[in-house]
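Protein chains: 2
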Amino acid sequence: MTAKVKTVCIIGTGLIGGSLALALKQSGFCQRVVGAGRTEATLKKAIELNVIDHYETDFSLAVNDADIVVVAVPLSAMKNVFEQIAPALSSTAVVTDAGSAKQTVIKDAESAFGKDFNRFVAGHPISGTEKSGVTAAFTGLYENRKVILTPTDKVDSGAVELIADMWRAAGAEVETMSAEHHDMVLAGTSHLPHILAFGLVDCLNNLDEVDEVFRFAAGGFRDFTRIASSDPVMWRDICLSNRKDILDMMNKYQDQLQTISSALENNDGEALIEIFARAKQARDQFNNQ
Amino acid sequence: MTAKVKTVCIIGTGLIGGSLALALKQSGFCQRVVGAGRTEATLKKAIELNVIDHYETDFSLAVNDADIVVVAVPLSAMKNVFEQIAPALSSTAVVTDAGSAKQTVIKDAESAFGKDFNRFVAGHPISGTEKSGVTAAFTGLYENRKVILTPTDKVDSGAVELIADMWRAAGAEVETMSAEHHDMVLAGTSHLPHILAFGLVDCLNNLDEVDEVFRFAAGGFRDFTRIASSDPVMWRDICLSNRKDILDMMNKYQDQLQTISSALENNDGEALIEIFARAKQARDQFNNQ
Numbered sequence: 052m053t054a055k056v057k058t059v060c061i062i063g064t065g066l067i068g069g070s071l072a073l074a075l076k077q078s079g080f081c082q083r084v085v086g087a088g089r090t091e092a093t094l095k096k097a098i099e100l101n102v103i104d105h106y107e108t109d110f111s112l113a114v115n116d117a118d119i120v121v122v123a124v125p126l127s128a129m130k131n132v133f134e135q136i137a138p139a140l141s142s143t144a145v146v147t148d149a150g151s152a153k154q155t156v157i158k159d160a161e162s163a164f165g166k167d168f169n170r171f172v173a174g175h176p177i178s179g180t181e182k183s184g185v186t187a188a189f190t191g192l193y194e195n196r197k198v199i200l201t202p203t204d205k206v207d208s209g210a211v212e213l214i215a216d217m218w219r220a221a222g223a224e225v226e227t228m229s230a231e232h233h234d235m236v237l238a239g240t241s242h243l244p245h246i247l248a249f250g251l252v253d254c255l256n257n258l259d260e261v262d263e264v265f266r267f268a269a270g271g272f273r274d275f276t277r278i279a280s281s282d283p284v285m286w287r288d289i290c291l292s293n294r295k296d297i298l299d300m301m302n303k304y305q306d307q308l309q310t311i312s313s314a315l316e317n318n319d320g321e322a323l324i325e326i327f328a329r330a331k332q333a334r335d336q337f338n339n340q
Numbered sequence: 052m053t054a055k056v057k058t059v060c061i062i063g064t065g066l067i068g069g070s071l072a073l074a075l076k077q078s079g080f081c082q083r084v085v086g087a088g089r090t091e092a093t094l095k096k097a098i099e100l101n102v103i104d105h106y107e108t109d110f111s112l113a114v115n116d117a118d119i120v121v122v123a124v125p126l127s128a129m130k131n132v133f134e135q136i137a138p139a140l141s142s143t144a145v146v147t148d149a150g151s152a153k154q155t156v157i158k159d160a161e162s163a164f165g166k167d168f169n170r171f172v173a174g175h176p177i178s179g180t181e182k183s184g185v186t187a188a189f190t191g192l193y194e195n196r197k198v199i200l201t202p203t204d205k206v207d208s209g210a211v212e213l214i215a216d217m218w219r220a221a222g223a224e225v226e227t228m229s230a231e232h233h234d235m236v237l238a239g240t241s242h243l244p245h246i247l248a249f250g251l252v253d254c255l256n257n258l259d260e261v262d263e264v265f266r267f268a269a270g271g272f273r274d275f276t277r278i279a280s281s282d283p284v285m286w287r288d289i290c291l292s293n294r295k296d297i298l299d300m301m302n303k304y305q306d307q308l309q310t311i312s313s314a315l316e317n318n319d320g321e322a323l324i325e326i327f328a329r330a331k332q333a334r335d336q337f338n339n340q
């Protein structure tokens with residue numbers, strides 16, 4: 052593949068940014084990947100692991116001649132990064148992000164780049180593991196995974212196509228939807244499950260018999276709570292960013308649990324079996340997709 | 052290995068009973084495995100798959116010359132099966148079960164075999180998959196898994212040792228504890244997580260955007276909800292059998308969720324990060340065990 056662009060700058064070379072860098076280098080999508088971040092040791096590690104070609108700790112220098120700038124930092128750091136790079140972007144540079152909530156990022160971008168900026172393409176790769184950091188990065192992270200782009204109406208269609216091409220080069224399947232729709236869907240499939248898993252592990256951890264409880268945990272528990280090993284700062288940010296949709300989902304879920312505990316209180320096996328059977332059917336169907 | 056006993060009779064040749072049969076045959080623990088159940092087609096399938104050596108649909112005939120009888124049926128069927136086999140057991144036969152809740156099974160056994168019967172060893176293999184039925188059975192299901200035995204004080208120690216030997220022959224590690232303790236621990240590590248997963252899938256399934264929600268679900272969701280594919284009847288039985296302990300855990304968990312949703316309502320990032328960080332630490336520790 053002839054390189055589509057010269058330089059991709061990735062700000063934040065952790066699991067998400069680092070894996071994208073590896074995939075782009077392997078695919079030949081760009082001629083070079085410049086990494087940027089606050090911590091020089093991380094960037095040096097990224098060079099050592101051959102994740103990036105060059106690094107800068109000054110974000111203005113980093114984005115200076117970039118054709119694409121990917122901001123892969125925690126949601127709470129987005130606005131500050133956008134403000135730092137805004138004055139230094141070239142007149143054709145396309146900016147995107149990899150945040151797990153999209154409405155707040157779009158607001159942050161508008162505030163930093165201005166309402167008329169039409170080269171910010173909000174994006175979210177639906178991938179990741181419970182690990183974090185550049186040492187967890189790997190080339191295949193986006194292989195056959197979905198990436199959702201949520202550009203607003205004013206965004207230049209060429210800019211959207213360029214970011215879509217970039218993710219396709221990394222092996223992903225790209226879909227486009229509104230930021231509002233994205234945030235609602237992800238609240239259900241990702242944000243709520245993470246909260247439930249964090250909550251369960253913390254709840255069991257408060258029991259007097261905590262050692263016993265973890266000692267007899269089996270595979271189901273292991274799978275169910277794997278995501279509770281995720282980065283707490285990242286998840287605090289996601290919770291605060293997508294607060295409204297997550298609260299909506301949590302309310303629905305709390306009602307659901309109340310229904311189940313009432314059925315238990317009343318020894319109502321019929322009600323339990325109805326819920327469990329509906330869930331099994333839906334889950335089996337999902338499995339066969 | 053010289054066969055330890057002549058005949059093991061397994062009532063209920065589904066995933067749990069069938070996998071035990073396969074493991075016992077492979078290990079040479081017994082000379083033959085007799086399968087029993089209500090449905091002749093299942094038993095024929097078990098013969099065809101070489102899971103059992105012989106079958107009976109009449110439980111009295113099945114247990115007639117058995118040294119060990121393993122009752123691996125849903126919790127709601129235990130009492131009835133115990134009543135059917137009680138008059139036909141040999142004077143030395145040891146009976147055990149594989150139910151996921153232990154206090155109710157012990158009560159059922161006492162009612163069927165009499166208060167003085169000292170050869171019933173309640174047991175629970177902490178293993179299984181979300182699949183069920185004899186076609187899902189496999190030899191290695193108990194390999195390196197824990198089996199908890201919860202014999203009451205009156206149970207003959209030789210009987211306990213025989214059942215422990217049987218599970219060890221199947222590859223398992225055997226532990227002993229009280230039925231009360233078992234039921235509390237399992238409510239936290241297994242029963243509550245199953246309820247939470249069933250509840251989440253059913254909750255999402257009720258959304259108007261259900262197709263979208265499942266379409267964008269990633270690996271975390273897949274792992275988190277795998278157990279929602281489990282058998283609804285089995286889980287209704289577990290819920291009703293271990294009602295009190297499960298309700299206790301559910302109350303604690305509902306309080307935990309309320310704490311999290313209040314933190315969200317109040318935009319309290321500090322409170323969220325505290326919970327998430329404690330959970331991550333506990334989960335990482337569990338992973339390293």
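Just so you know, the protein sequences line up as chains A and B, in that order.
At position 179 of the first sequence (counting the first as 1) the number is 230 in the numbering used here, and the numbers step up by one without a gap.
At position 81 of the second sequence (counting the first as 1) the number is 132 in the numbering used here, and the numbers step up by one without a gap.
Here a beta-carbon is modelled for each residue, glycine too, at the ideal position from N, C-alpha and C.
Our two residues, Ala92 (chain B) and Glu231 (chain B), have alpha carbons roughly 37 angstroms apart in a direct line. Against chain B, a Cβ distance below 8 angstroms from Asp274 (chain A) picks out Asp274, Phe275, Arg277 and Ile278. Out of A:Lys96, A:Pro138 and A:Gly88, the CA that lies nearest to the CA of Val121 (chain A) is found in A:Gly88. In the three-state DSSP reduction, Ala160 (chain B) falls in the helix class (H, G or I). Using a Cβ distance threshold of 7 angstroms, Gly69 (chain A) and Ala188 (chain A) count as a contacting pair.
The contact set of Gly239 (chain B) on chain A, defined by CB atoms closer than 7 angstroms, consists of Leu255, Leu258 and Val264 in chain order.
Collapsing the DSSP output to three states places Glu260 (chain B) in coil. Cβ-Cβ distances below 7 angstroms link Ala54 (chain A) to Gly79, Phe80, Cys81 and Gln82 in the same chain, with the five nearest sequence neighbours on each side left out; the list follows chain order.
Val225 (chain B) sits in a strand when the DSSP states are folded into three classes.
The Cβ atoms of Glu181 (chain B) and Ser280 (chain B) sit closer than 7 angstroms to each other. Taking CB atoms only, Gly191 (chain B) has no neighbour in chain A less than 7 angstroms away. Look at Leu200 (chain B) here: in three-state DSSP terms it is strand. Interface criterion met: the Cβ of Gln307 (chain A) is under 7 angstroms from a Cβ in chain B. Look at Glu107 (chain A) here: in three-state DSSP terms it is strand.
Contact of Ala220 (chain B) with chain A is not assigned, every C-beta pair being separated by 7 angstroms or more. When DSSP states are grouped into helix, strand and coil, Val102 (chain B) belongs to the coil group. Exposed is the label assigned to Asp262 (chain B), since fewer than 16 other Cβ atoms lie within 10 Å of its Cβ. Excluding residues up to 5 positions away in sequence, Ala238, Gly239, His242 and Leu243 lie with their Cβ nearer than 8 angstroms to the Cβ of Met300 (chain B) in the same chain. Val145 (chain B) is bridged by DSSP to B:Ile119.
Between the C-alpha atoms of Asp216 (chain B) and Ile297 (chain B) there is a straight-line separation of about 31 angstroms. Fully enclosed alpha helix (DSSP H) runs of no fewer than 4 residues occupy 230 to 237, 243 to 256, 261 to 266, 270 to 276 and 283 to 292 of the stretch 225 to 309 of chain B, in order along the chain.
DSSP, reduced to helix, strand and coil, places Arg170 (chain A) outside both helices and strands of the structure shown, so it counts as coil. Among the CB atoms of chain A, one or more fall inside 7 angstroms of the CB of Ser312 (chain B). If you draw a 10 Å sphere on the C-beta of Thr108 (chain A), you find fewer than 16 other C-beta atoms in it, and that means exposed.
A direct Cα-Cα distance of roughly 8 angstroms separates Asn101 (chain A) from Leu73 (chain A). One Cα belongs to His233 (chain A), the other to Thr201 (chain A), and the distance between them is close to 8 angstroms. Remark: three or more beta-carbon pairs, one from each stretch, lie closer than 8 angstroms, so the stretch 270 to 284 of chain A and the stretch 244 to 259 of chain B are flagged as touching. Put simply, the stretch 305 to 313 of chain B does not touch the stretch 162 to 176 of chain B. Fewer than three CB pairs are less than 8 angstroms apart.
Cβ atoms of Val56 (chain A) and Val84 (chain A) stay farther apart than 8 angstroms, at about 11 angstroms. Counting only Cβ-Cβ distances below 9 angstroms, Ile199 (chain B) has contacts in chain A at Phe267, in chain order. Selection B:Ala137, B:Leu112 and B:Ala149 evaluated against Gly63 (chain B) yields B:Ala149 as nearest (Cα-Cα). The closest CA to that of Val156 (chain B), considering only B:Lys205, B:Asn131, B:Pro138 and B:Leu140, is found on B:Asn131. Contact of Leu71 (chain A) with chain B is not assigned, every C-beta pair being separated by 7 angstroms or more. A buried status is given to Leu75 (chain A), since no fewer than 16 other beta-carbon atoms sit within 10 Å of its beta-carbon.
Your pair Gly320 (chain B) and Arg294 (chain A) does not check out as a contact, with CB atoms roughly 10 angstroms apart and the cut at 8 angstroms. In this structure, Ile61 (chain A) sits near Gly86 (chain A), with a CB-CB distance shorter than 7 angstroms.
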